[in-house]
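In what follows, a single structure is set out as structure tokens and then discussed.
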Amino acid sequence: MAVDFDMSGRVVIVTGGGKGVGRGISRRFLEAGAEVVVCGRSELEEPVEAAGRSAHFCAADVRDVEQIGAVISYAKEELGRLDVLVNNAGGAPEADAATVSPRFSEAILRLNLIAPLNFSQAANAVMQEQADGGTIINISSVSALRPSPGTAAYGAAKAGLLSLTMTLAVEWAPRVRVNAISAGMIRTEQSHLHYGDEEGIKAVGATVPLGRIGEPEDVGNACLYLASPLASYVSGSNLLLHGGGEKPAFLAAATNTSD
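Structure, rendered in structure tokens:
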């Protein structure tokens, strides 16, 4: 179900906005009328388009402060302003916490925590100078709120991102609002790597109270809400976007025992 928000005249940056969850976020902002700037390390295989409109693209590694500055400058100089920053870029391959190298763990923290901090700082400098300020949305994960076996550094980084969200919301108020979205399982072009074929994805979705895993557009809809005037009194918050969460494991164990 599409939710209609008018973002005409607004300029939005979506990091990692060319694929997966980021692409869904970018498309929803395009559909709402915003000018969208997508940044990523490599050129897009396909342009990000929706409603007959296309996103702008800036090649940038979000771990590099100078390249962050170039994306911010593009939005300000080419499009005139910056209203919304969505810190979406992130992720981590699976790794055993007992044997993973310190360099690997540092890289995960740099991508998922330090990069959003640096990007937010640069965006805030622009937004504070605008009469109507702006809003920053950090894409976190349910891994921040529960054990994250196989991705320990990632879960820790996302937990840090939630703390960062609350702190920046206090420091940068009232002109800039800062919120987070903790996403659960979302279907992307890489879902098969985690859940197997289509039947596997359906089986995993059946474990979610709402009966399915999320779609990138679900995250995009949540971003639109947080960026809209409807959320004008929402700051320092974490929106759980997980379809109702996970059923407690003890319930299945108790059922098996009773049988």
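Numbering (this note's numbering), first residue to last: 90 to 348.
The C-beta atom is built at its ideal place from N, Cα and C for all residues, glycine as well.
(request) Grab me the residues of Ala204's own chain with a C-beta within less than 6 angstroms of its C-beta, minus the 5 sequence neighbours each way, in chain order. (result) Counting from 1 along the sequence shown, the entry for residue 204 is found at position 115. Excluding positions up to five away in sequence, the list reads Val151, Arg152.
(request) For Lys247, count neighbouring C-beta atoms within 10 Å of its own C-beta (all shown protein chains included) and say buried if the count is 16 or more, exposed if not. (result) The residue you call residue 247 lines up with position 158 of the sequence shown. Answer is buried; the Cβ neighbour count reaches 16.
(request) Measure the C-alpha to C-alpha separation of Glu124 and Arg116 and round it to an integer number of angstroms. (result) The residue you call residue 124 lines up with position 35 of the sequence shown. The residue you call residue 116 lines up with position 27 of the sequence shown. Approximately 11 angstroms, taken between the alpha carbons.
(message) Is Ala341 near the ligand NAD - that is, is its Cβ less than 7 angstroms away from at least one heavy atom of it?
(response) The model depicted lacks the ligand NAD and carries no ligand whatsoever.
(request) Check whether the Cβ atoms of Val308 and Leu315 lie closer than 8 angstroms to each other. (result) If you number the sequence shown from 1, residue 308 lands on position 219. If you number the sequence shown from 1, residue 315 lands on position 226. Not closer than 8 angstroms, so no.
(message) Can you list, in chain order, the residues of its chain with a C-beta nearer than 6 angstroms to that of His331? Leave out the 5 residues immediately preceding and following it.
(response) On the sequence shown, residue 331 is found 242 positions in, with the first residue counted as 1. Closer than 6 angstroms at the Cβ level, and outside the excluded window around His331, lie Val231, Gly273.
(message) Just to confirm the assignment: which complete alpha helix (DSSP H) runs, minimum length 4, are found wholly within the stretch 258-340?
(response) As far as the stretch 258-340 is concerned, its whole alpha helix (DSSP H) runs of at least 4 residues are 280-284, 287-294, 305-316.
(message) If contacts are defined as beta-carbon pairs under 8 angstroms, then Asn176 and Ile228 qualify, I think. What distance do you get, rounded to the angstrom?
(response) Locating residue 176 in the sequence shown gives position 87, counting from the first residue. Locating residue 228 in the sequence shown gives position 139, counting from the first residue. So it is a contact: roughly 6 angstroms between Cβ atoms.
(request) Given a cut-off of 8 angstroms, decide if Ala186 and Asn241 are closer than it, judged by their beta-carbon atoms. (result) Start at 1 with the first residue of the sequence shown, and residue 241 comes out as number 152. Start at 1 with the first residue of the sequence shown, and residue 186 comes out as number 97. Sequence inspection shows Ala at residue 241; the Asn mentioned does not correspond to that position. In this structure, Ala186 lies closer than 8 angstroms to Ala241 by Cβ.
(message) Can you give me the C-alpha to C-alpha distance between Met90 and Ala320, rounded to a whole angstrom?
(response) Mapped onto the sequence shown, residue 90 falls at position 1. Mapped onto the sequence shown, residue 320 falls at position 231. Note that Met90 scores a pLDDT of 47, beneath 50, so its modelled location is shaky; the value from the coordinates is reported in the next line. Straight across, the Cα-Cα distance linking Met90 with Ala320 is about 19 angstroms.
(request) Inspect the beta-carbon positions of Gly325 and Val265 and report whether they are closer than 8 angstroms. (result) For the purposes of this step, residue 325 is identified with residue 236 of the sequence shown, where counting begins at 1. For the purposes of this step, residue 265 is identified with residue 176 of the sequence shown, where counting begins at 1. Not in contact: Gly325 and Val265 (Cβ atoms no closer than 8 angstroms).
(request) Can you give me the Cβ contacts of Leu328 inside the same chain, cut-off strictly under 6 angstroms, excluding the 5 residues immediately before and after it? (result) For the purposes of this step, residue 328 is identified with residue 239 of the sequence shown, where counting begins at 1. Non-local beta-carbon contacts of Leu328 in its own chain, meaning distances under 6 angstroms to residues more than five positions away in sequence, involve Ile270, Ala311 in chain order.
(message) Is there a Cβ of chain C sitting closer than 8 angstroms to that of Met274, yes or no?
(response) Going by chain labels, chain C is absent from the structure shown, which holds only one protein chain.
(request) Go ahead and label Lys336 buried or exposed: buried means 16 or more other beta carbons lie within 10 angstroms of its beta carbon, across all protein chains shown. (result) As a working mapping, residue 336 is identified with position 247 in the sequence shown. Exposed, by the Cβ-count rule.
(message) Can you confirm whether the stretch 99-107 touches the stretch 134-146 when touching is taken to mean that 3 or more C-beta pairs between the two stretches lie within less than 8 angstroms?
(response) In short, these stretches touch, since the Cβ pair count reaches three.
(request) Could you please give the first and the last residue of the uninterrupted beta strand (DSSP E) stretch that includes Ala211? (result) In the sequence shown, counting from the first residue as 1, residue 211 sits at position 122. First-last for Ala211: 204-216, but that is the alpha helix (DSSP H), not the beta strand (DSSP E).
(message) Taking only three categories from DSSP, how would you classify Gly129?
(response) Here the question's residue 129 lines up with position 40 in the sequence shown. Reduced to three states, the DSSP call for Gly129 is strand.
(request) Just the C-alpha distance for Asp172 and Ala341, rounded to the nearest angstrom, thanks. (result) Position 83 of the sequence shown, counting from 1, holds the residue named residue 172. Position 252 of the sequence shown, counting from 1, holds the residue named residue 341. Approximately 46 angstroms between the Cα atoms of the pair.
(message) Between Leu200 and Gly249, how many whole angstroms is the CB-CB distance? I'm expecting something under 8 angstroms.
(response) Within the sequence shown, the letter at position 111 stands for residue 200. Within the sequence shown, the letter at position 160 stands for residue 249. That belief does not hold up - the Cβ atoms of Leu200 and Gly249 are roughly 12 angstroms apart, past 8 angstroms.
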